[in-house]
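The sequence shown lines up with residues 19 to 64 when you count with my numbering. C-beta atoms are modelled at their ideal positions from N, C-alpha and C, and glycine is treated no differently.
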Amino acid sequence: MRKQFIRMQTLISNNKQEILTDKKEVARIERLIEDKHNKRLQTNNR
19 MRKQFIRMQT
29 LISNNKQEIL
39 TDKKEVARIE
49 RLIEDKHNKR
59 LQTNNR
């Protein structure tokens with residue numbers, strides 16, 4: 019079980035690195051976060 023958990027952590031870590039090195043993906047994620055934040059602000063200001 020422990021080895022399986024460590025393997026999962028390694029996969030997740032590798033995935034993060036891969037995503038962070040992909041500038042287009044980072045920009046897309048930032049836009050999603052910004053859009054979600056803006057929607058929340060609009061909802062709260064009503």
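CB contact flag (I37, E43, <8 Å): yes
Which of helix, strand or coil DSSP assigns to D53: D53 falls in the helix class under three-state DSSP.
Local conformation of N62 per DSSP, three classes: helix
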